[in-house]
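Residue numbers (this note's numbering): 355 to 625.
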């Protein structure tokens, strides 16, 4: 055992300190001591690691198909694609579009509305997973199809009320303009939601949920304003009555679905 040098003017004290260091060094450096644990008294069972990952393989497949849909529509219908995106620019753009073709029943309009429904449904499902931190219940394909049905019903109710008003007031031109606005704003919402959803899948933070909700709310407000402006061109009616008309058109479907959603998650049934 090597000795540690100690310089002191008191030889006796120096010898005592060196002996103490040597004993402590021997005790600390001994590789095996009597208190060392060599056996276990029971079986060690591994615990599952807690994770908040919400990404699933089929999610990226859905997003990939939706992005492919954008590219396909842009390549197959380049002029119509540019025209539908220019609708928020003013009534003149809508007039030019409707003189050449109608988005109602077109392949471009149908596929983009379908893409909008799919991406909003996926966002709703992942939002429930992130906000509740319950991946076992909400991060399933069953919950995705449930969200898909809710969003599809919401969009369908809006169109049904729109055509119902058209049947009452006989305003076909106004309906064509309103449907065009809805398709155009839905495309912009779809494009804006893609990066937000990707961030949410790889970084499940509630911040991205609220960003997505903000995009949906902003798009609803823009759609509301544009529909009022387009309707004033087609219908010679007071702006106040047009405002009330669109309030009922937007509020009734949203209120019905919110009520059904609250009852489902609180009571397990929408009835």
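Where a beta carbon is used, it is the ideal one built from N, C-alpha and C, also for glycine.
Does residue i get closer than 8 Å to chain C when you measure Cβ to Cβ?
{"i": "residue 529", "result": "In summary, chain C is missing from the structure at hand, where a single protein chain is found."}
Leaving out five residues on either side along the sequence, give the residues of the same chain with a beta carbon under 6 Å from the beta carbon of residue i.
{"i": "residue 480", "result": "408, 554"}
{"i": "residue 364", "result": "Low local confidence applies: a pLDDT of 46 at residue 364 is under 50, so the model's placement there is unreliable, and no value is given."}
{"i": "residue 377", "result": "With a pLDDT of 44 at residue 377, under the threshold of 50, the modelled position of that residue is not reliable, and the figure given next carries that caveat. Once the five neighbours on either side are set aside, residue 377 has no close Cβ partner at all."}
{"i": "residue 502", "result": "475"}
{"i": "residue 493", "result": "408, 483"}
{"i": "residue 573", "result": "539, 543"}
{"i": "residue 497", "result": "479"}
{"i": "residue 589", "result": "525, 528"}
{"i": "residue 587", "result": "445"}
Please go through the same chain and pick out, in chain order, the residues whose beta-carbon is closer than 7 Å to the beta-carbon of residue i, but skip the five residues on each side of it.
{"i": "residue 535", "result": "441, 577, 580, 581, 584"}
{"i": "residue 612", "result": "none"}
{"i": "residue 556", "result": "409"}
{"i": "residue 455", "result": "434"}
{"i": "residue 439", "result": "538, 541"}
{"i": "residue 489", "result": "408, 483"}
Buried or exposed: which applies to residue i, given that a residue is buried once 16 or more other Cβ atoms fall within 10 Å of its Cβ?
{"i": "residue 475", "result": "buried"}
{"i": "residue 609", "result": "exposed"}
{"i": "residue 449", "result": "exposed"}
{"i": "residue 446", "result": "exposed"}
{"i": "residue 540", "result": "buried"}
{"i": "residue 483", "result": "buried"}
{"i": "residue 304", "result": "Only positions 355 to 625 of the chain appear in the structure, and residue 304 is not among them; the question remains open."}
{"i": "residue 537", "result": "buried"}
{"i": "residue 526", "result": "exposed"}
Which residue marks the beginning of the alpha helix (DSSP H) containing residue i, and which one marks its end?
{"i": "residue 464", "result": "461-486"}
{"i": "residue 573", "result": "560-588"}
{"i": "residue 490", "result": "489-492"}
{"i": "residue 455", "result": "Taken as a continuous stretch (DSSP letters only), residue 455 belongs to no alpha helix (DSSP H), as it is neither H nor E."}
{"i": "residue 442", "result": "Here residue 442 belongs to no alpha helix (DSSP H), and DSSP marks it neither H nor E."}
{"i": "residue 534", "result": "526-556"}
{"i": "residue 426", "result": "411-430"}
Have a look at the options and flag the residue whose alpha-carbon is nearest the alpha-carbon of residue i.
{"i": "residue 547", "options": "471, 454, 444, 452", "result": "471"}
{"i": "residue 566", "options": "504, 556, 543", "result": "543"}
{"i": "residue 411", "options": "529, 557, 495, 488", "result": "495"}
{"i": "residue 468", "options": "417, 574, 564", "result": "417"}
{"i": "residue 426", "options": "466, 531, 550", "result": "466"}
{"i": "residue 533", "options": "545, 521, 522, 517", "result": "517"}
{"i": "residue 478", "options": "564, 528, 437, 519", "result": "564"}
{"i": "residue 457", "options": "556, 531, 575, 413", "result": "531"}
{"i": "residue 570", "options": "500, 550, 522", "result": "550"}
{"i": "residue 437", "options": "444, 451, 424", "result": "451"}
{"i": "residue 499", "options": "524, 473, 485", "result": "473"}
{"i": "residue 413", "options": "485, 443, 552", "result": "552"}
{"i": "residue 545", "options": "419, 424, 522", "result": "424"}
{"i": "residue 558", "options": "486, 617, 586, 419", "result": "486"}
Give every residue of the same chain whose Cβ lies closer than 8 Å to the Cβ of residue i, excluding the five residues on either side of it in the sequence, and list them in chain order.
{"i": "residue 520", "result": "526, 528, 529"}
{"i": "residue 421", "result": "548"}
When you compare the stretch 510-530 with the stretch 426-436, are there three or more beta-carbon pairs, one atom per stretch, that lie closer than 8 Å? They do not touch, by the three-pair rule.
Could you tell me whether the stretch 419-430 touches the stretch 457-467, where touching means 3 or more Cβ pairs closer than 8 Å? Yes, they touch.
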